[in-house]
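Sequence lines, in order, name chains A and B. In this text, residue positions in the first sequence follow my numbering: the first is 718, and each later residue adds one. In this text, residue positions in the second sequence follow my numbering: the first is 18, and each later residue adds one. Glycine included, C-beta positions come from ideal geometry on N, C-alpha and C. Before any comments, here is the structure.
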Amino acid sequence: MAFRNEDDKKAYWKENLTLLAKLLVVWFVVSFGAGILFADALNSVQFFGFKLGFWFAQQGSIYVFVALIFVYMAKMNAMDKRYGVDEE
Amino acid sequence: MDVQLLTFIIVGASFALYIAIAIWARAGSTTDFYVAGGGVPPVMNGMATAADWMSAASFISMAGLISFMGYDGAVYLMGWTGGYVLLALCLAPYLRKFGKFTVPDFIGDRYYSQTARTVAVFCAIFVCFTYVAGQMRGVGVVFSRFLEVDIVAGVVIGMVIVFFYTVLGGMKGITYTQVAQYCVLIFAYIVPAVFISIMVTGHILPQTGFGATLSDGSGMFMLQKLDNLSIELGFNEYTSGTKSTIDVFFITFALMVGTAGLPHVIVRFFTVPKVRDARKSAGYALAFIAILYTTAPSLAAFARVNMIETINGPEMTGTSYEQAPSWIKNWEQTGLIQFDDKNGDGMMFYSGDERNEMKVDRDIMVLANPEIANLPAWVIALVAAGGVAAALSTSAGLLLVISTSVSHDLLKRNFMPDISDKAELFYARLAAGVAIVIAGYFGINPPGFVAQVVAFAFGLAASSFFPAIIMGIFSKRMNDKGAVSGMIAGLVFTAAYIIYFKFVNPAANTPDNWWFGISPEGIGTLGMMVNFLVAFVVFKMTDEAPAEIQELVESIRYPKGAGEASAH
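Encoded structure:
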């Protein structure tokens, strides 16, 4: 087995799922939250020349998506090393 | 030099480049043909994925659609990018570790079932054919408008080019041509957008110009002006939508999940050397896609302001048809702009109410934009080359999935398990060739429902592949019966809803008749839920997956030990 012991294997997967859940919450909040469900409310806020809800829907959420993937990548690479399951 | 000659030179040069790459990167084995030998660097895979993903629809039609939809256009912007987050976090690394060639491979092995594999193969082939017909059409349209050749000739030229590098190079040839095609298409998209942004707002970046004040000295924000114009002319306010919130929600979700479940996108992540590369290249892919997707809404808004002002004049009283700019006359010949002088005053007027005298097709927003903004001829030529690059790169990726599905999933894994690598490669090339001919036929004789079937492709991917793959990775115990019944239920449900509203009874396709107000475009989300639910219920009533499958699932959950993709 690649892991040092059975506990490590469980802990690794759990940590992965926790990270996933956190990042997917952000994913959901910026797009479906700010961009769709609360877009009307946010539109009363002016953000440069944009209404904020509109900006999230057509610009902001996309930037956040890109950032999320790179955050996940960095965290997972560090985690793989910590548990000794990275590819050498 | 005139536009047409420049267009021939620029498009011709890009073709020469693609062919040169194809000869350099020809495939020697099935591993080369299916997954480019598994040795594509992540940045390059990111570019190739971006080109694979951004089709003629993204390049030619999306900005135009947004231009006419305003806020509602966000369903495409978020839907076609947000799926990459799911892909990078929930699918790509694990599928890479699994290390096979195709999506049906994963479904078949994970659910230890030929039925599951066969269902997946047919979904993959159907989804890809749906898509590819539209691409070939896109090539034909660009050729006929910019080079004034016949649409048929345009499609045939496109077929020959794709045939050449797909059949010869397989995934390896496709990957490196897609890298070149990405560069061509993104350059072609950005250049006119930057020009127009500078013209309208003085900002170099279209993304900031989008939220900037107009450079006409009025001090008014561009979007404010667009909102005002829209209301004055009887359109809906640009920054707020007309679709119901629940429909926007469901469409966006279906497009996201569909994106993450599309086989030609997933298969790109089998081509990188390591699991960490799969994560990284998903990030790069989305970053490269985001460059176009954040430019598109800006372009859409600029183009709309520009078009309204050109047609209606600065005083919004209309302009003389006699002295209309040449682009209006040019595009009138293609039927994409029509002028009907209702009040007989010889003046053109464009509005959203009964005063309207213009019919403007949304597809011209990107293609005619350089002319509307009076940009130099080489920019117009560049846009033509970009449109062709976008269509060709996506077709090639789709055709490869079709050919792999036939040669690998159907022949090798079903009917002819003892086939040699060399023979399998021959069948892969043969299948690619046949698929191109069929796609070309549909490009020349498009079924009238091409636009409608796009909803189909995403709906089917969302309601069949996505849940099956997710459960395959995140639930160790999910079994064959659960997954197969889930896929079939999701598929049948989604297909029935779409077929009913699009083909059987199109007259009933109104929000009043939709379930919960969900349009056929968004029904894939509900189909996905049906899939999950049915799979869960059936799973609870049957035995869990055997021990060796559970071990397999555990082994794909960490990167160590990932070899290159292999047939066994």
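Just to confirm my understanding: we take B:Val52, look at its own chain, exclude 5 residues before and 5 after, and list those with CB closer than 7 Å. What are they?
Here residue 52 of chain B is taken as the residue at index 35 of the second sequence, counted from 1. Closer than 7 Å at the Cβ level, and outside the excluded window around B:Val52, lie Phe118, Met188, Phe287, Thr288 and Ala582.
Determine the contact status of B:Ser410 and B:Gln195, defining contact as a CB-CB distance below 8 Å.
Sequence index remark: in the second sequence, residue 410 of chain B carries index 393 (1-based). Sequence index remark: in the second sequence, residue 195 of chain B carries index 178 (1-based). In contact: B:Ser410 and B:Gln195 (Cβ atoms closer than 8 Å).
Excluding the five sequence neighbours on either side, which residues of its own chain have a C-beta within less than 6 Å of the C-beta of B:Lys297, listed in chain order?
Counting from 1 along the second sequence, the entry for residue 297 of chain B is found at position 280. Within its own chain, the residues whose Cβ lies closer than 6 Å to the Cβ of B:Lys297, once the five positions on either side in sequence are excluded, are Pro59, listed in chain order.
What does A:Val802 reach in chain B if we use C-beta pairs closer than 7 Å?
Residue 802 of chain A sits at position 85 when you count from the first residue of the first sequence. Neighbours of A:Val802 on chain B, chain order: Tyr575, Pro576 and Lys577.
Counting only runs of 4+ residues fully inside the segment 493 to 577 of chain B, write out the alpha helix (DSSP H) ranges in chain order.
Whole alpha helix (DSSP H) segments, 4+ residues: 497 to 516, 540 to 558 and 564 to 572.
So what does DSSP say about A:Phe763, is it helix, strand or coil?
Taking the first sequence and counting its residues from 1, the one referred to as residue 763 of chain A is at position 46. The sequence given here places Gln at residue 763 of chain A; Phe does not occur at that position. DSSP places A:Gln763 in strand when its eight states are reduced to three.
So B:Ala406 and B:Asn323 are supposed to be a Cβ contact under 8 Å. How far apart are they, rounded?
For the purposes of this step, residue 406 of chain B is identified with residue 389 of the second sequence, where counting begins at 1. For the purposes of this step, residue 323 of chain B is identified with residue 306 of the second sequence, where counting begins at 1. Wrong, their Cβ atoms sit about 25 Å apart, outside the cutoff.
Flag this pair as touching only if the segment 752 to 760 of chain A and the segment 787 to 800 of chain A have three or more C-beta atom pairs under 8 Å; answer yes or no.
no
Quick test of your reading: B:Ala448 and B:Ser420, contact by CB under 8 Å. State the CB separation rounded to the nearest angstrom.
Here the question's residue 448 of chain B lines up with position 431 in the second sequence. Here the question's residue 420 of chain B lines up with position 403 in the second sequence. About 4 Å; that satisfies the 8 Å criterion.
Taking 7 Å as the limit between beta carbons, can you name the residues of its chain near B:Phe163, skipping five residues before and five after?
Locating residue 163 of chain B in the second sequence gives position 146, counting from the first residue. For B:Phe163, where only same-chain residues beyond five positions count, the Cβ hits under 7 Å are Thr24 and Ala401.
Integer-rounded CB distance, given that B:Thr312 should sit under 8 Å from B:Ala210
Within the second sequence, the letter at position 193 stands for residue 210 of chain B. Within the second sequence, the letter at position 295 stands for residue 312 of chain B. Contact holds; Cβ gap of about 5 Å.
From B:Ser130 to B:Glu565, what distance separates their C-alpha atoms?
For the purposes of this step, residue 130 of chain B is taken as the residue at position 113 of the second sequence. For the purposes of this step, residue 565 of chain B is taken as the residue at position 548 of the second sequence. Rounded to whole angstroms, B:Ser130 to B:Glu565 spans 14 Å at the Cα level.
I believe B:Val144 touches B:Val284 by the beta-carbon criterion, under 8 Å. Please report the beta-carbon distance rounded to the nearest angstrom.
Here residue 144 of chain B corresponds to residue number 127 of the second sequence, with the count starting at 1. Here residue 284 of chain B corresponds to residue number 267 of the second sequence, with the count starting at 1. The pair is not a contact, with the Cβ atoms about 12 Å apart (cut-off 8 Å).
Beta strand (DSSP E) segments (min. 3 residues) lying fully within the segment 314 to 402 of chain B:
354 to 356 and 375 to 377
Grouping DSSP H, G and I as helix and E and B as strand, with all else coil, what is B:His585?
Your numbering for residue 585 of chain B matches position 568 in the second sequence. Model confidence at B:His585 stands at a pLDDT of 46, short of 50, so the residue's coordinates are unreliable; what they give is reported in the following sentence. In the three-state reduction of the DSSP assignment, B:His585 falls in the coil class, being assigned neither a helical nor a strand state.
What is the DSSP secondary structure of B:Thr288, reduced to helix, strand or coil?
Translated into positions along the second sequence, residue 288 of chain B becomes position 271. The answer is coil: DSSP assigns B:Thr288 none of H, G, I, E or B.
Counting Cβ pairs, one atom from each stretch, are 3 or more of them under 8 Å apart for the segment 570 to 581 of chain B and the segment 501 to 516 of chain B?
no
Should B:Gly369 go down as buried or exposed, given a rule of 16 or more other Cβ atoms within 10 Å for buried?
Translated into the one-based positions of the second sequence, residue 369 of chain B becomes position 352. B:Gly369 should be labelled exposed.
How far does the alpha helix (DSSP H) with B:Leu231 in it extend, from its first residue to its last?
To locate residue 231 of chain B, count along the second sequence from 1; it is residue 214. Looking at the DSSP string, B:Leu231 is not in any alpha helix (DSSP H), and its letter there is neither H nor E.
Contacts of A:Asp724 in chain B (Cβ-Cβ under 7 Å):
Numbered from its first residue, the first sequence carries residue 724 of chain A at position 7. None at all; the shortest Cβ gap to chain B is about 14 Å.
Based on the DSSP output, what are the partners of B:Phe238 in its beta bridges?
Indexing the second sequence from 1 puts residue 238 of chain B at position 221. According to DSSP, which records beta bridges pairwise, B:Phe238 is partnered with B:Thr230.
Could you check whether B:Glu561 and B:Ala271 sit closer than 8 Å to each other, using their CB atoms as the reference points?
Numbered from its first residue, the second sequence carries residue 271 of chain B at position 254. Numbered from its first residue, the second sequence carries residue 561 of chain B at position 544. Result no, Cβ atoms of B:Ala271 and B:Glu561 do not sit closer than 8 Å.
Output the distance between the C-alpha atoms of B:Thr259 and B:Gly171, rounded to the nearest integer angstrom.
Stepping through the second sequence from its first residue, residue 259 of chain B is reached at position 242. Stepping through the second sequence from its first residue, residue 171 of chain B is reached at position 154. Cα-Cα distance, rounded: 37 Å.
Using a cut-off of 8 Å between C-beta atoms, extract the partners of A:Gly766 located in chain B.
Here residue 766 of chain A refers to the residue found at position 49 of the first sequence. Correct list: Phe227, Gly228, Ala229, Thr230, Phe238, Met239, Leu240 and Gln241.
Run of the alpha helix (DSSP H) containing B:Arg430, from where it starts to where it stops
As a working mapping, residue 430 of chain B is identified with position 413 in the second sequence. Careful: B:Arg430 lies outside any alpha helix (DSSP H) and carries neither H nor E.
Cutoff 6 Å; reference B:His585; Cβ partners in own chain excluding five residues on either side:
Within the second sequence, residue 585 of chain B is the residue found at index 568, counting from 1. Because the pLDDT of B:His585 is 46, which lies under 50, any placement of that residue in the model is unreliable, and the number read from its coordinates should be weighed accordingly. Cβ within range, chain order: n/a, list empty.
Around the C-beta of B:Pro523, are 16 or more other C-beta atoms found within 10 angstroms, so that it is buried, or is it exposed?
Your numbering for residue 523 of chain B matches position 506 in the second sequence. By the 10 Å Cβ count, B:Pro523 comes out exposed.
Taking 8 Å as the threshold, find out whether the segment 244 to 253 of chain B comes into contact with the segment 769 to 780 of chain A through three or more Cβ pairs.
no
Sufficient close CB pairs (3 or more, under 8 Å) joining the segment 322 to 342 of chain B to the segment 361 to 368 of chain B:
Here the segment 322 to 342 of chain B lies against the segment 361 to 368 of chain B, with 3 or more beta-carbon pairs under 8 Å apart.
Within its chain, find whatever has a CB closer than 7 Å to the CB of B:Asp244; leave out the 5 residues flanking it on each side and keep chain order.
Walking along the second sequence from the start, residue 244 of chain B turns up at place 227. Excluding residues within five positions, the ones whose Cβ falls inside 7 Å are Glu254, Tyr255 and Thr256.
Going by DSSP, name the residue or residues bridged to A:Lys768.
Start at 1 with the first residue of the first sequence, and residue 768 of chain A comes out as number 51. Note: A:Lys768 sits in a beta bridge opposite A:Gln763.
Just checking my contact of B:Leu477 with B:Ala205 at CB under 8 Å: how many whole Å lie between their CB atoms?
To locate residue 477 of chain B, count along the second sequence from 1; it is residue 460. To locate residue 205 of chain B, count along the second sequence from 1; it is residue 188. At roughly 31 Å, the Cβ-Cβ gap does not stay under 8 Å, so B:Leu477 and B:Ala205 are not in contact.
Between which two residues does the alpha helix (DSSP H) carrying B:Leu106 extend?
For the purposes of this step, residue 106 of chain B is taken as residue 89 along the second sequence, with counting starting at 1. Counting along the chain, B:Leu106 falls outside any alpha helix (DSSP H), and DSSP gives it neither H nor E.
Whose C-beta lies closer than 7 Å to the C-beta of B:Gly54 among residues of the same chain, with five residues either side of it excluded?
The count along the second sequence starts at 1 and reaches residue 54 of chain B at position 37. Cβ within range, chain order: Thr48 and Lys189.
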